[in-house]
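**Q**
Right, here's the structure in full:
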C-alpha cells in the first residue's frame, strides 16, 4: 500500500485519510497527518517504524536544545548521529539483508539534517512543537521517496496552521492536487512501468547478446523509464501535498531541456540537488574559495550523491563520471570553447552522455556493465549470439510508449498544460486518463508477476 | 445550486468519485454472478471491489455478459489474467511477428517435409515392424530439424530467436504467454491469408517431428490432473491431424533457485509434478517425452542461475544448450 499507484492507496487510504483530515478541527489536523502517516508507514514496514520514531524524537530533542543559544557542537553531534544512522542502515541493507533498509530512510534523514541546520542557522524561528516536527518528518506523501521539502514550506499550509485561508477553498486544493496526481499516475503506470518491460527484456536476452541498436534503444528506454517513474512519483507526491494544503513542490523541471549537465541536475530531482547545494556545497565554501576548492567541493558533493543512491561501486562511478563532466563543463566547455560550440556540447552532454550515465546507474555488476558498453560501442568487442533483428522487434512493440515518452520530454508541453489545466477538455481527458491507469493497474492487481509473461 | 458550484470547482474529483461509486455498486451487484470468477478469497477484500470490473473487462467479461458464458470462461479467465497486462496486445503483435518470420520458413519446411518423408519411408520399413520396434534416443545433425515444428511459449520464442541452426530449418508456432489450453485454437500464426490457429496450420502443413514445450504460464491454473487432461487433448488432436509425425513432449524447463525457493506457484516442485504427469502421455512409439532440464541444471534440480537473467528464461547465449540436447536426444524411425 505504500505505493501511490496501488489500488488500496488510491481507493481506500487516500479518500479515507482526506475525509478524516478535513473533518478534524483545524487545530488538530497536524495530529491527523501524523497519525495517518505513521499508519501508512506501519503498513509498509512495521518492523522499521521504531527506527523512524526514534530518529524523530532524538532529532526533536536536539533541535529543542538549540532553542536559546545555538551550539555548534550540539549541531555536529546530531548530524553525526543522523549521518551515522543513514550509513549504518545502508550498509546493513547492502551487505546483510535488503529488508533491513527502512523505507524512505534516505529521504527522512535528509529532511532531519536540513531541519537541524536550518534551526542552527536561525532560518527556522517557529515555536517548536513535537507534533509539527514529527508530522513534517513523517508525512506520508513524502516519506517514501521525497520530495525533500523544507520545513518552512510545511509552515505555509493554511489548512493546518489556522492562518488566513484567503479565498482558497478546500475543494479547489483537492481538485488541483488531483490533477497533478493523475498526471503523475499516468506517467508512472502507462509509461514508466511499461518501459521497464523493455529494459527487462534487454536483460533477459543478456547484455552480451544484444545488438548495438538495441543497446542504445535500451539505454534510452531506461532513461525514459527512470524519468517518468520518478517524475510521475514526484507529481503524485506533490499532488497529494497540494490536496492537504501544502504548496506544490517542484522536483522535476524539464531536465532534458537543460543546456548542460550542471543545469540538468538543478532540474532533475531538484529538491535533492538544492539540498546538496545548501547543506554540503555551500557550507564547504561553494565556489568562493578558488578553483581548486570548487573542484574538491564538487567532488565531495558527487561522491556523496553517488553513495546516497546506493553503496555499490557503480553508484560511486556514476557520481564520479558526473563530477568529471560537470568540472569539464565549468572549466572547459563554457570557458574555453566559443559560445555556439559550448552550447552544442552542453546539449550533447544532456542528450547523449546522461543516458549513458543512467546505464552505469542501472547495472551494479562491473562485468555486466562492461558487456553492455561493449555492445553500445561494438569496436570494444564482439557480441555473443546476437540476433540483429532484436532492435526492430522491440521497437515494433514499444514504439507506442517510447514515442509519447520522447514527446513528453518537450518542455513547453508541461508548461502549456499547467497554464491551461482548468480547461474543460483537460478535465474530461484527466478523468479518462485516471480510469485508463486504473484499468492498467487492475490487470496486475493480485498478480505478483505484474510484468511476467513467459 | 450548491452542487453546481461544487461541480464547477472540482469536476475531476466529482467525475472520478461518481464513476468509482458506480463501478463499486456494479461490482458488488454482480459479484456472485458475472464476476464470480474474480471474487475468490484471494482477491476479494484485498483489493477494492471495482478492480473486479476492470479485470473482467480485460477478459471481455461485462455485467451484460451472460452468466453461463462467464462460468464457462472460468478457467481461461483465470489463466489469462494470471499473466495479463497492458502490453498484452503488444505481446501478441510481437509473437505474431515471430511467427511471421517463420511463416516464410514454414513453406520451406513444407517442401522439406515431403522430401524427408519420401526419404524416411525407405528407412523405416513397414508399419507392422514399427509396432515391435523399441526406439532409442540417438544423435542427429541439424538437418533432422528441417521438417520439425516447435510449439511453445516465450521460451520457445527465445529458442527461435537465438538458435540460428533451428530457426533456419524448423518451423516455430510459438507465442509469448501461450498455454496448453489455448495453443490449438488461439489464432496467432500469421500467413499470407491472415492469422490462423495451430489447429488450422496443422491441417494445411505437415511435419515430421513436433516438439512441444508448454505449461509454465498455466502452472497456477487447475491441478496436475487438469493440466494433464488438457495436454492429452492437445496430443490427441495433433496425432489426429499429423498421424505420421513424431511428437516430442518436452518437460517444462525449471526456474532458477532464487525464484523457485520463494514462489508458491512458479516453483520446481510443481514443475516436476507436472512433468511427471505429462511424461505418462508418451507411448514410446510415436509420442516421446524428453526433458532438457538436465542440460541446464545447477546440480540441485534448478535452472542454473548463470544461464538466466530473470530466473525464468535462458539468456540468448544459453539456448545452445537446449539445441545440443535436442541434437543428442532424437528419435530416428
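Residue numbers (our numbering), protein chains in the order written: chain G, 887 to 1340; chain L, 777 to 1109. The C-beta atom is built at its ideal place from N, Cα and C for all residues, glycine as well. What you are looking at is a predicted structure, and each value in this text was computed from that prediction instead of being measured.
I'd like to know whether the C-beta of residue 1103 of chain G is nearer than 9 angstroms to at least one C-beta of chain L.
**A** On the first chain, position 217 is the one that residue 1103 of chain G refers to. No, residue 1103 of chain G lies away from the interface with chain L (no Cβ there is under 9 angstroms from its Cβ).
**Q** Determine, for residue 1096 of chain L, whether the minimum Cβ-Cβ distance to residues of chain G falls below 9 angstroms.
**A** The residue labelled residue 1096 of chain L in the question sits at position 320 within the second chain. It does: the Cβ of residue 1096 of chain L has a partner Cβ on chain G nearer than 9 angstroms.
**Q** What is the rounded straight-line gap between the Cα of residue 1118 of chain G and the Cα of residue 1020 of chain L?
**A** Working through the first chain from its first residue, we reach residue 1118 of chain G at position 232. Working through the second chain from its first residue, we reach residue 1020 of chain L at position 244. So the alpha carbons of these two residues sit roughly 57 angstroms apart.
**Q** Spell out whether any CB of chain G is found under 9 angstroms from the CB atom of residue 985 of chain L.
**A** Counting from one through the second chain, the residue named residue 985 of chain L turns up at place 209. Chain G, which has no Cβ nearer than 9 angstroms to the Cβ of residue 985 of chain L, makes this no.
**Q** Against residue 1317 of chain G, what residues of chain L qualify as contacts under a CB-to-CB distance less than 9 angstroms, listed in chain order?
**A** Here residue 1317 of chain G corresponds to residue number 431 of the first chain, with the count starting at 1. Within 9 angstroms Cβ-Cβ: 787, 788, 791, 792 and 795.
**Q** Please list the segments of the alpha helix (DSSP H) lying wholly inside the segment 903-967 of chain G, counting only runs of 4 or more residues, in order along the chain.
**A** 915-931 and 935-951
**Q** Could you name the residues of the same chain whose beta carbon sits closer than 6 angstroms to that of residue 888 of chain G, not counting the 5 residues immediately before and after it, in chain order?
**A** Position 2 of the first chain holds residue 888 of chain G. The answer, listed in chain order, is 930 and 1030.
**Q** Could you round the C-beta distance between residue 1054 of chain L and residue 1004 of chain L to whole angstroms and report it? I think they count as a contact, below 8 angstroms.
**A** Taking the second chain and counting its residues from 1, one reaches residue 1054 of chain L at position 278. Taking the second chain and counting its residues from 1, one reaches residue 1004 of chain L at position 228. Confirmed, about 6 angstroms.
**Q** Determine the chain L residues that contact residue 1320 of chain G at a beta-carbon separation under 7 angstroms, and present them in chain order.
**A** Within the first chain, the letter at position 434 stands for residue 1320 of chain G. Within chain L, the residues near residue 1320 of chain G are 792.
**Q** If you follow the alpha helix (DSSP H) that residue 1293 of chain G is part of, which residue opens it and which one closes it?
**A** Within the first chain, the letter at position 407 stands for residue 1293 of chain G. Here the alpha helix (DSSP H) through residue 1293 of chain G covers 1276-1293.
**Q** Can you tell me where the alpha helix (DSSP H) holding residue 1122 of chain G begins and where it ends?
**A** Position 236 of the first chain, counted from the first residue, corresponds to residue 1122 of chain G. Its alpha helix (DSSP H) spans residues 1098-1129.
**Q** What is the residue span of the alpha helix (DSSP H) that residue 1162 of chain G lies within?
**A** Here residue 1162 of chain G refers to the residue found at position 276 when the first chain is read from its first residue. Run containing residue 1162 of chain G: 1156-1162, per the alpha helix (DSSP H) assignment.
**Q** Which chain L residues are close to residue 1261 of chain G, counting only those with a beta carbon under 9 angstroms from its beta carbon?
**A** To locate residue 1261 of chain G, count along the first chain from 1; it is residue 375. Those do not exist, as residue 1261 of chain G stays about 11 angstroms from chain L at its closest Cβ, beyond 9 angstroms.
**Q** 9 angstroms is my cut-off, CB to CB: does residue 1094 of chain G come that close to chain L?
**A** Working through the first chain from its first residue, we reach residue 1094 of chain G at position 208. Among the residues facing chain L, residue 1094 of chain G is included, as its CB has a counterpart in that chain under 9 angstroms away.
**Q** Using a cut-off of 7 angstroms between C-beta atoms, extract the partners of residue 893 of chain G located in chain L.
**A** Along the first chain, read from residue 1 onward, the residue named residue 893 of chain G stands at position 7. Under the 7 angstroms cutoff, chain L gives 823, 824 and 827.
**Q** For the alpha helix (DSSP H) that residue 1225 of chain G lies in, which residues bound it at each end?
**A** The count along the first chain starts at 1 and reaches residue 1225 of chain G at position 339. First-last of the alpha helix (DSSP H) with residue 1225 of chain G: 1225-1234.
**Q** If you reduce the DSSP assignment to three classes, tell me which class residue 1172 of chain G lands in.
**A** Position 286 of the first chain, counted from the start, is the residue given in the question as residue 1172 of chain G. Note: residue 1172 of chain G maps to coil in three-state DSSP.
**Q** What separation, rounded to the nearest whole angstrom, lies between the Cα atoms of residue 1095 of chain G and residue 932 of chain L?
**A** Along the first chain, one-based indexing puts residue 1095 of chain G at 209. Along the second chain, one-based indexing puts residue 932 of chain L at 156. So the two alpha carbons sit approximately 17 angstroms from each other.
**Q** Quick check: does the Cβ of residue 1297 of chain G come within less than 8 angstroms of any heavy atom belonging to the ligand PLP?
**A** Judged by which ligands are present, the structure shown has none, so any question about the ligand PLP falls away.
**Q** Would you list, in chain order, the members of the segment 1104-1126 of chain G that have their beta-carbon closer than 8 angstroms to a beta-carbon of chain L?
**A** none
**Q** Who does residue 1064 of chain L pair with in a DSSP beta bridge?
**A** Against the second chain, residue 1064 of chain L aligns to sequence position 288. Residue pairing from DSSP places residue 1064 of chain L in a beta bridge opposite L:1024.
**Q** Roughly how many angstroms lie between the CA atoms of residue 954 of chain G and residue 1023 of chain G, to the nearest whole one?
**A** Within the first chain, the letter at position 68 stands for residue 954 of chain G. Within the first chain, the letter at position 137 stands for residue 1023 of chain G. If you take the alpha carbons of residue 954 of chain G and residue 1023 of chain G, they lie about 22 angstroms apart.
**Q** Taking the alpha-carbon positions, what's the residue 896 of chain L to residue 985 of chain L distance?
**A** Position 120 of the second chain, counting from 1, holds the residue named residue 896 of chain L. Position 209 of the second chain, counting from 1, holds the residue named residue 985 of chain L. At residue 896 of chain L the pLDDT is 40, less than 50, meaning the model places this residue with poor confidence and gives no usable figure here.
**Q** Rounded to whole angstroms, what's the CA-CA distance from residue 1031 of chain L to residue 1244 of chain G? Just pull it up for me.
**A** In the second chain, residue 1031 of chain L corresponds to position 255, counting from 1. In the first chain, residue 1244 of chain G corresponds to position 358, counting from 1. Spanning the two alpha carbons is a distance of roughly 29 angstroms.
**Q** Determine the burial state of residue 1075 of chain L: buried for a count of at least 16 other Cβ atoms within 10 Å of its Cβ, exposed for fewer.
**A** By 1-based counting over the second chain, the position of residue 1075 of chain L is 299. The residue is exposed, with fewer than 16 neighbouring Cβ atoms inside 10 Å.
**Q** What residues from the segment 1062-1074 of chain G come within 8 angstroms of chain L, judged by C-beta to C-beta, listed N to C?
**A** 1064, 1065 and 1068
**Q** Any beta-carbon of chain L closer than 9 angstroms to the one on residue 898 of chain G?
**A** Here residue 898 of chain G is taken as the residue at index 12 of the first chain, counted from 1. With 9 angstroms as the cut-off, residue 898 of chain G counts as an interface residue toward chain L.
**Q** Quick one: does residue 1329 of chain G have its CB under 9 angstroms from some CB of chain L?
**A** Taking the first residue of the first chain as 1, we reach residue 1329 of chain G at position 443. Answer yes: the Cβ-Cβ gap between residue 1329 of chain G and chain L drops below 9 angstroms somewhere.
**Q** Identify every residue that forms a DSSP beta bridge with residue 913 of chain L.
**A** The count along the second chain starts at 1 and reaches residue 913 of chain L at position 137. Per DSSP, L:1107.
**Q** Beta-carbon of residue 879 of chain L versus every beta-carbon of chain G: anything under 9 angstroms?
**A** Along the second chain, one-based indexing puts residue 879 of chain L at 103. Residue confidence for residue 879 of chain L is low, a pLDDT of 40 falling below 50, so the modelled location carries little weight; the figure read from the coordinates is stated next. Chain G contact via Cβ: absent.
**Q** Just to confirm before moving on: does the CB-CB distance between residue 1220 of chain G and residue 1205 of chain G stay below 9 angstroms?
**A** Along the first chain, read from residue 1 onward, the residue named residue 1220 of chain G stands at position 334. Along the first chain, read from residue 1 onward, the residue named residue 1205 of chain G stands at position 319. In this structure, residue 1205 of chain G does not lie closer than 9 angstroms to residue 1220 of chain G by Cβ.
**Q** Going by DSSP in three states, residue 1073 of chain L sits in which element: helix, strand or coil?
**A** Working through the second chain from its first residue, we reach residue 1073 of chain L at position 297. Of the three classes helix, strand and coil, the one that applies to residue 1073 of chain L here is strand, per DSSP.
**Q** To which residues does DSSP link residue 1064 of chain G through a beta bridge?
**A** Reading the first chain from its first residue, position 178 is the one you call residue 1064 of chain G. Answer by DSSP bridge pairing: none, since residue 1064 of chain G is not bridged.
**Q** For residue 889 of chain L, which residues in the same chain have their Cβ closer than 7 angstroms to its Cβ, ignoring the five residues on either side in sequence?
**A** Translated into the one-based positions of the second chain, residue 889 of chain L becomes position 113. Any reading at residue 889 of chain L needs caution, since the residue's pLDDT is 37, under 50, leaving its predicted position unreliable; the model's value is listed next. Cβ neighbours of residue 889 of chain L beyond the five flanking positions: 923, 982, 983 and 984.
**Q** Could you check what DSSP says for residue 1143 of chain G in three-state terms: helix, strand or coil?
**A** Taking the first residue of the first chain as 1, we reach residue 1143 of chain G at position 257. Correct three-state label for residue 1143 of chain G: helix.
**Q** With a threshold of 8 angstroms, are at least 3 pairs of Cβ atoms found where one atom belongs to the segment 1306-1315 of chain G and the other to the segment 1126-1136 of chain G?
**A** A contact between stretches requires three or more CB pairs, one per stretch, nearer than 8 angstroms, and the segment 1306-1315 of chain G fails this requirement with the segment 1126-1136 of chain G.
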